[in-house]
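Quick note, the sequence shown lines up with residues 401 to 628 if you use our numbering.
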Amino acid sequence: MRYLIIGLGIYGSNLATDLTAMGHEVIGADINPITIENIKDKISTVYTLDSTEEPAIAALPLKAVDLVIVAIGENFGASVKTVAILRKLGVKAIYARAVDNIHQTILEGFKVDRILIPEQRAARELTRELAIGPQIDAMRIDRDTYILKFKVPPIFVGLSLGDAEIEKRYGMKIIVLSRPVMQRNMIGIQTPIIKVKQDVAADTILEKDDELTVLATQKQFKEMFRSL
Numbered sequence: 401m402r403y404l405i406i407g408l409g410i411y412g413s414n415l416a417t418d419l420t421a422m423g424h425e426v427i428g429a430d431i432n433p434i435t436i437e438n439i440k441d442k443i444s445t446v447y448t449l450d451s452t453e454e455p456a457i458a459a460l461p462l463k464a465v466d467l468v469i470v471a472i473g474e475n476f477g478a479s480v481k482t483v484a485i486l487r488k489l490g491v492k493a494i495y496a497r498a499v500d501n502i503h504q505t506i507l508e509g510f511k512v513d514r515i516l517i518p519e520q521r522a523a524r525e526l527t528r529e530l531a532i533g534p535q536i537d538a539m540r541i542d543r544d545t546y547i548l549k550f551k552v553p554p555i556f557v558g559l560s561l562g563d564a565e566i567e568k569r570y571g572m573k574i575i576v577l578s579r580p581v582m583q584r585n586m587i588g589i590q591t592p593i594i595k596v597k598q599d600v601a602a603d604t605i606l607e608k609d610d611e612l613t614v615l616a617t618q619k620q621f622k623e624m625f626r627s628l
């Protein structure tokens, strides 16, 4: 896809370089020549301009991109005016960054496709990590439900899944079991290869380096580890 990112501060520049690394074409625009100089060799095209001026915005290839992202955060007024000009020029697909609730409320009035609140999201992710544990891989499904991947607790090692009673006792749904299996590579060196068992039987014996992927609430997960 082709993206236009307006505002290449810390957030915008990281977004631009990450999207470029994923194979997308990224066009960047910023008022600061130093910012442009720092990123010009990392993305497809850059423009130095004041996005609060309609002629400057109109000169950008707005019809040639799939999405415009207004990543301006520090300058509240510039962000809002930039979105207003984009709407006036008929740009339909707009994402915009908000730095507080007032900023968010104003952007909602312009009916942008998505409001980005990176600081809030980062704080929420950190809270989730601290609550569940930094050694746990988690993907949130809804407000209360997660897919969680964790190493089998030592107390379960040597037991069968049936004897461990993880599903029965804690209400979790086991999705898969991952197990490292030693295999020789092409030059004869043994290396661990992760094998996934999707059909996990009750008589499966849990081993030291096994990992379980389960569907569970945060409460169920914390109750299991508290009881252990």
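By construction, the Cβ of each residue, glycine as well, lies at the ideal position given by its N, Cα and C atoms.
All figures in this text were calculated on a predicted structure; none of them were measured in a lab.
| Check | Outcome |
| --- | --- |
| Any idea if MET422 is buried or exposed, counting beta-carbon neighbours within 10 angstroms, 16 or more meaning buried? | exposed |
| Please state the DSSP three-state secondary structure of PHE556. | helix |
| Classify SER479: buried if its beta carbon has 16 or more other beta carbons within 10 angstroms, exposed otherwise. | buried |
| According to DSSP, simplified to helix, strand and coil, what is PRO592? | strand |
| Quick check: the Cα distance between ASP500 and ARG514, rounded to an integer number of angstroms? | 15 Å |
| On the premise that LYS595 lies in contact with ARG579, defined as a C-beta separation below 8 Å, what is that separation, rounded to the nearest angstrom? | 5 Å |
| Grab the span of the alpha helix (DSSP H) containing GLU425 for me, first residue to last. | Where GLU425 is concerned, there is no enclosing alpha helix (DSSP H), although the beta strand (DSSP E) it sits in stretches over 425 to 430. |
| For a quick check, are the C-beta atoms of LEU577 and LEU612 less than 9 Å apart? | yes |
| Grouping DSSP H, G and I as helix and E and B as strand, with all else coil, what is GLN583? | strand |
| Can you tell which of GLN504, GLU565, ILE406, ILE439 has the C-alpha that lies nearest to the C-alpha of ALA602? | GLU565 |
| If contacts are defined as beta-carbon pairs under 8 Å, then THR591 and GLN583 qualify, I think. What distance do you get, rounded to the angstrom? | 7 Å |
| Pop quiz: ILE485 and ILE457 are said to be a contact at Cβ under 8 Å. What is the actual Cβ separation, rounded to whole angstroms? | 5 Å |
| GLU611 bridges to which residues according to DSSP? | LYS551, SER578 |
| With H, G and I counted as helix, E and B as strand and the rest as coil, what does DSSP make of ALA464? | helix |
| When you compare only the Cα positions, how much space is there between THR448 and LEU408? | 10 Å |
| Please report the distance separating the alpha-carbon of ARG402 from that of ILE605. | 50 Å |
| Using only the alpha-carbon positions, how far apart do ALA496 and ALA416 sit? | 14 Å |
| When the distance is taken between beta carbons, is SER413 closer than 9 Å to GLY428? | yes |
| By a C-beta neighbour count over all protein chains shown, 10 Å radius and 16 as the cutoff for buried, is PHE625 buried or exposed? | exposed |
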